[in-house]
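Chemist: Sequence order for the protein chains is B and W. Taking my numbering, the leading residue of the first sequence gets 1, the next gets one more, and so forth. Taking my numbering, the leading residue of the second sequence gets 117, the next gets one more, and so forth.
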Amino acid sequence: AQKITQTQPGMFVQEKEAVTLDCTYDTSDPSYGLFWYKQPSSGEMIFLIYQGSYDQQNATEGRYSLNFQKARKSANLVISASQLGDSAMYFCAMRESTSGTYKYIFGTGTRLKVLA
Amino acid sequence: NAGVTQTPKFQVLKTGQSMTLQCAQDMNHNSMYWYRQDPGMGLRLIYYSASEGTTDKGEVPNGYNVSRLNKREFSLRLESAAPSQTSVYFCASSERVGYQPQHFGDGTRLSIL
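Below you can see the structure in the form of structure tokens.
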């Protein structure tokens, strides 16, 4: 079974509109963390936002927010007021641990294209 | 601010050759990581080092070895390169393993013929 699932291979959004990128996860570790990274066409990986499994509030970082629904095991990224520079690949990732060993698992990504 | 520096940026090897990818960070981070990224896939963890002097296997460690040379440097070695190891390799670091975000280098594009 996939540990991290991103069901949207590609998304389009009009400039200045909001967009939601979906991510579902599966883990038996009660203390896990969820991350979102952006990978522009230039190739570097840029950290966007983090949500811990025990965090009560949804994480926010500027125009990025994480819609964390623990019972549904979803951690969707919301980008408000999209900009042309937001066009990139977006990866959801999870950190879990088993017997003191950490695992970092990435989804297959969603390619976002912002239209002018 | 250099952050995480990877060398080389590109490399072509022949099957059976050996190669060491270098990674250095200047953020005084305790934890360092090596990932590979294949087309159409997310990153997969090869090895990580939670702190100086320790290393642990990730999801895809076979065919690789690592060395945490000191707090700053974490190298990845391919002893006998195979075409299946053609990939983009990313090094990353974080303050400590677990809850902090990882800062990534720009990647090394490795082709094995």
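Each residue gets a CB set at the ideal place from its N, CA and C atoms; glycine is no exception.
For chain W, check one thing: does any of its Cβ atoms lie closer than 7 Å to the Cβ of F12 (chain B)?
Modeler: So no, F12 (chain B) is outside the interface.
Chemist: Can you find a CB in chain W that lies within less than 7 Å of the CB of E44 (chain B)?
Modeler: Output row for E44 (chain B): interface = yes.
Chemist: For a contact meaning CB atoms closer than 7 Å, what does F68 (chain B) contact in chain W?
Modeler: Correct list: empty, because the minimum Cβ distance to chain W is about 15 Å.
Chemist: Run the CB neighbour count on L48 (chain B), radius 10 Å, all protein chains shown included, and call it buried at 16 or more, exposed below.
Modeler: Under this definition L48 (chain B) is a buried residue.
Chemist: Can you give the Cα-Cα distance for N181 (chain W) and K16 (chain B), rounded to whole angstroms?
Modeler: Rounded to the nearest angstrom, the two C-alpha atoms are 46 Å apart.
Chemist: Output needed in chain order: residues of the segment 83-104 of chain B with a Cβ under 8 Å from some Cβ in chain W.
Modeler: The segment 83-104 of chain B vs chain W, Cβ under 8 Å: F91, A93, R95, S97, T101, Y102, K103 and Y104.
Chemist: Would you mind stating whether F106 (chain B) and L159 (chain W) have Cβ atoms separated by less than 7 Å?
Modeler: Yes, these two residues count as a Cβ contact at 7 Å.
Chemist: Give a yes or no on whether the minimum CB-CB distance between T110 (chain B) and chain W is below 7 Å.
Modeler: Answer no: the Cβ-Cβ gap between T110 (chain B) and chain W never drops below 7 Å.
Chemist: Can the beta-carbon of Q8 (chain B) be found closer than 7 Å to that of C23 (chain B)?
Modeler: Going by C-beta atoms, Q8 (chain B) is not nearer than 7 Å to C23 (chain B).
Chemist: Between W:S147, W:V120, W:D154 and W:P177, which lies nearest to A140 (chain W) when the distance is taken from Cα to Cα?
Modeler: For A140 (chain W), the nearest C-alpha among the options comes from W:V120.
Chemist: Starting from A88 (chain B), follow its DSSP beta bridges and name the residues at the other end.
Modeler: According to DSSP, A88 (chain B) bridges with B:L112.
Chemist: Can we count E44 (chain B) as close to the ligand MG, meaning its CB is less than 6 Å from some heavy atom?
Modeler: Absent from the structure shown: the ligand MG. Ligands present: none.
Chemist: When we look at the beta-carbon of Y32 (chain B) and count the other beta-carbons within 10 Å, is it buried (16 or more) or exposed?
Modeler: It is buried - the Cβ of Y32 (chain B) has at least 16 other Cβ atoms within 10 Å.
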